[in-house]
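Going down the list, the protein sequences come from chains L and U. Numbering of the first sequence is given in this note's numbering, commencing with residue 16 and proceeding in unit increments. Numbering of the second sequence is given in this note's numbering, commencing with residue -14 and proceeding in unit increments. Even for Gly, the Cβ is constructed at its ideal location relative to N, Cα and C.
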Amino acid sequence: MQRYIIIRLFQSLITFLVLSVVIFVISRATGADPVELMLPEDAPEEARVSMRAYLGLDKPVYVQYGRYISRFLQGDLGESIRLRQPIVGIVKERAANSVKLGLSAIAITILLGVPLGVVAAVKRDTIVDTGAKVVAVLGQSMPAFWLGIVLIQVFAARLNWLPAGGLGGPEHYILPAFTLGAFLVTGIMRLIRSSMLETLDSEYVKLARVKGLPEWKVVWKHALRNALIPVVTFAGTYLGLLLAGAIVVETVFAWPGLGDLVYRGIAWRDYPIIQSLVLLIALVVTVSNFVVDILYAYINPRIRYGT
Amino acid sequence: MIITRRVQTIAGPILTRGGATTLVRGLRRVPIIPLLIIVGVVFMAVFADVLAAHSPTLPSLTHRLKPPFWEEGGSLSYPLGTDPLGRDILTRIMFGARVSLTVAALTLLLGGVGGAIIGLFSGYMGGKIDALIMRVADAALAFPIILLAILLVATIGAGLTNVIYAIAMVLWARYARVIRGEVLALKEADFVARARVAGCSHVRIMAVHLFPNVVNTLIVLITLEVGSIIIIEASLSFLGAGVPPPNPAWGSMVSDGRDYIVDAWWVSLIPGLAIMLVVLGFNLFGDWLRDRLDPKRRQL
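This is how it looks when you write it as structure tokens:
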């Protein structure tokens, strides 16, 4: 297990290195020279040279990259052009909101996706299964931002039951969390269904039935427990989807989180915000994929002996 | 003994099959509706200049926020209504289809076919090159496509080509992974060794002997992905990181209507419906194609 963790840790470091180099290169690819943007046109040559040295632009590219990444890892994300504040502060203010929304979305995904998947597998090839499939196909064809707008139209504008957006009490969470969750429910549902079909067909489930256990216990305890294992493998993928979805959903519901900050970064043409958020998300994605892999190896011993 | 067992197995599954599924299976043999949707949208995009009765970009302030024809106050000259600037929504949907389909076609050509070639090469070569390429692919796979696209578009500038590059830069990895997996199994086959003995070069083996064996998988993957590319492009233009205004794109059309959902629901909802319909068409067609060409990938 230790060996496996070390190998995976090393691989994750390479992944982050690749991502950060790509992000660094793209960030530097702006047509304009930053020195030209910061100094007046008639600035003397010495001022340009000292500005260049101050920004580290006279150093070789790999030194520049080193400075960039070490600053980032020390928590210096630069300064927003529009807000004239350090980005770390803005991120700290907003991160909690995003996490709260993300967790509510995950809760909705699990509460809806898992039971639906199980029922679809148990009632295979009946009207229930077909219905679940139709919902899944429709759900996968619907852009999250559009679903959000439809929900606002119906529940906020027409019926006036729920707030259309912004922070607030529990009722403020319902629409955005559902929109973000709906993005994932269909995937989880299909995954659980196919993996339940496999476990329901296995020997130990037959044994549990022969033993005379009630059917609900066989399905929801014995079969489901093992059917959940493949879901863990996809946890990393789902996190990526959740992050991408959060940008759009937070924008639709004016939710003051990090996704909404990305949107504002685009609207304000505030490059430092976008660049540091993208690097931050790359770090989050790499770390969580690492954790997921370790968890998976812990649950499923075949993996850790395989490498 | 054998005979009785066979009778049992036949009686088992067939009796439990419901009538509804047989009907669904029958309909799935030829996916008429998805095909109609796909042909329709391609036709609309190609002949948008001829079909459209209005200009997609020119504002007309006297015709602001006209409802669709079936609502009170609507007329057939603006069948799906007009947006806050008085532009015909149907016209803009037709021109927007051009953007969506161009992005989908070019990213899949660049990212899908490019990724497949990389995967073919990586799997065939093996060793250190393979390990390196696969680590880079993992990095790309870990990253949400939309974020990289936002970064690229925000830094270099909005525009069709940048959107295409950005999506292709992440997309290739999935194709490289899947095709590499297939090649790893294929290259152990006898026909590859024989081709080698017969004096074929590595390039020839990859192009003539291996590629035809993975082309079905590639076609299926590409078809299944058209829908998600359309959604990604729409999300980008919804966020303002897609094709810049006033050019019509489906995502920005939905965004244009956000402030009008109480009084003019059609501005947002109709373009969204168009996205959903087209994505649905491609997804269903892709499912059918997968069952046809690549049955082992079929979902249970």
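Closer than 7 Å at the beta carbon, the chain U residues around M157 of chain L: Here the neighbours are M261.
Taking R139 of chain L as the reference, give the member of L:W176, L:L212 and L:I20 with the closest Cα. Per the C-alpha coordinates, the member of L:W176, L:L212 and L:I20 positioned closest to R139 of chain L is L:L212.
Inter-stretch contact at 8 Å, needing at least 3 Cβ pairs: the region 157 to 164 of chain U / the region 203 to 211 of chain U: Judged by Cβ distances under 8 Å, the region 157 to 164 of chain U makes contact with the region 203 to 211 of chain U, as three or more pairs qualify.
Would you mind reading off the limits of the alpha helix (DSSP H) that contains L126 of chain U? In this chain, the alpha helix (DSSP H) harbouring L126 of chain U covers G112 to A127.
Could you work out which residue in L:R279, L:M66, L:Q290 and L:W176 is closest to L133 of chain U when comparing CA atoms only? Nearest option by C-alpha distance: L:Q290.
What residues from chain U crowd round F160 of chain L, counting only those whose CB sits closer than 7 Å? Listed by position along chain U, the residues whose Cβ is nearer than 7 Å to that of F160 of chain L are S220, F223 and V239.
Along chain U, which residues have their Cβ under 9 Å away from the Cβ of S42 of chain L? In chain order: L136 and T140.
Can you have a look at G142 of chain U and say buried or exposed, based on whether 16 or more other CB atoms are within 10 angstroms of its CB? Here G142 of chain U is exposed: its Cβ has fewer than 16 other Cβ atoms, across all protein chains shown, within 10 Å.
With DSSP as the reference, label E57 of chain U as helix, strand or coil. Looking at E57 of chain U - three-state DSSP - the assignment turns out to be coil, as it is neither helix nor strand.
Neighbour flag for L285 of chain U against chain L, beta carbons, 8 Å: Here L285 of chain U scores only 43 on pLDDT, less than 50, and its place in the model should not be relied on; the value that follows carries that caveat. Against chain L, the CB of L285 of chain U has a partner CB under 8 Å away; the residue lies at that interface.
Flag Q79 of chain L as yes if its beta-carbon sits less than 8 Å from any beta-carbon of chain U, otherwise no. No, Q79 of chain L lies away from the interface with chain U (no Cβ there is under 8 Å from its Cβ).
Nearest to V103 of chain L by alpha carbon, out of L:G146, L:L276, L:F160 and L:F305? Taking only the C-alpha atoms, the option nearest V103 of chain L is L:L276.
What's the call for H237 of chain L, buried or exposed, on a 16-neighbour Cβ count within 10 Å? Classification of H237 of chain L: buried, given that the 10 Å Cβ count is 16 or more.
Cβ-based burial, I123 of chain L [other Cβ within 10 Å; buried from 16]: Buried, because 16 or more other Cβ atoms sit within 10 Å of the Cβ of I123 of chain L.
Can you tell me whether DSSP reads D279 of chain U as helix, strand or coil? Collapsing the DSSP output to three states places D279 of chain U in coil.
Can you tell which of U:S253, U:S40 and U:P41 has its C-alpha closest to the C-alpha of A219 of chain U? If we check each option's Cα against that of A219 of chain U, U:S253 comes out closest.
How long is the line joining the alpha carbons of G272 of chain L and I281 of chain L, rounded to whole angstroms? When the Cα atoms are used, G272 of chain L and I281 of chain L turn out to be separated by approximately 15 Å.
For T76 of chain U, which residues in the same chain have their Cβ closer than 6 Å to its Cβ, ignoring the five residues on either side in sequence? Excluding sequence neighbours, T76 of chain U sits near A37, H39 and P41.
So which residues of chain U does L92 of chain L contact, with C-beta pairs closer than 8 Å? Those within 8 Å of L92 of chain L in chain U number zero; the least Cβ separation is about 14 Å.
Excluding sequence positions up to five away, which residues of its chain have a Cβ less than 6 Å from the Cβ of A139 of chain U? Excluding the 5 residues flanking it on each side, A139 of chain U has no same chain C-beta neighbour closer than 6 Å.
Members of the region 285 to 305 of chain L near chain U, C-beta cut-off 7 Å: Cβ contacts with chain U come from Y286, I289, Q290, V293, I296, A297, V300, T301 and N304.
I84 of chain L beta carbon less than 8 Å from that of I309 of chain L: Not closer than 8 Å, so no.
Where DSSP assigns a beta bridge to D73 of chain U, which residues make up the other side? The bridge partners DSSP lists for D73 of chain U are U:T67.
Straight-line Cα distance separating Q79 of chain L from Y69 of chain L: CA-to-CA, the gap between Y69 of chain L and Q79 of chain L works out to about 12 Å.
Quick one: residues in its chain with C-beta nearer than 8 Å to the C-beta of F270 of chain U, no 5 flanking neighbours on either side, listed in chain order? Same-chain partners within the cutoff: P16, P19, L20, I23 and T208.
Tell me which residue opens and which closes the alpha helix (DSSP H) that A248 of chain L is part of. Rather than Ala, the amino acid found at residue 248 of chain L in this sequence is Thr. T248 of chain L -> alpha helix (DSSP H) spans I244 to T248.
Tell me which residues share the same chain as G97 of chain U and place their Cβ nearer than 8 Å to its Cβ, disregarding the 5 neighbours each side in the sequence. Same-chain partners within the cutoff: L156, W157, Y160, L203, L206, I207 and E210.
Give me the chain L residues within the contact set of W250 of chain U, using Cβ-Cβ distance strictly less than 7 Å, ordered along the chain. Neighbours of W250 of chain U on chain L, chain order: Q168.
Proximal residues, the region 269 to 280 of chain L versus chain U, C-beta separation under 8 Å: Against chain U - using a Cβ distance shorter than 8 Å - the residues of the region 269 to 280 of chain L are V277, Y278 and G280.
Contact with chain L by F270 of chain U, beta-carbon distance below 8 Å: Among the CB atoms of chain L, none fall inside 8 Å of the CB of F270 of chain U.
For a contact defined as C-beta to C-beta under 9 Å, what are the partners of G196 of chain L on chain U? Chain U residues near G196 of chain L: none, gap ~17 Å exceeds 9 Å.
Strictly by DSSP, which residues pair up with P101 of chain L? Its beta-bridge partners are L:E94.
Residue from L:A242, L:R224 and L:A269 with nearest C-alpha to L224 of chain U: Taking only the C-alpha atoms, the option nearest L224 of chain U is L:A269.
Mapping DSSP to helix, strand and coil, what is K226 of chain L? In the structure shown, K226 of chain L sits in coil (DSSP, three-state: anything other than H, G, I, E or B).
Contact check, G30 of chain U vs L86 of chain U under 8 Å by CB: the rounded distance? At residue 30 of chain U the sequence reads Ala, which differs from the Gly that was named. With a contact defined as Cβ atoms closer than 8 Å, A30 of chain U and L86 of chain U qualify at about 5 Å.
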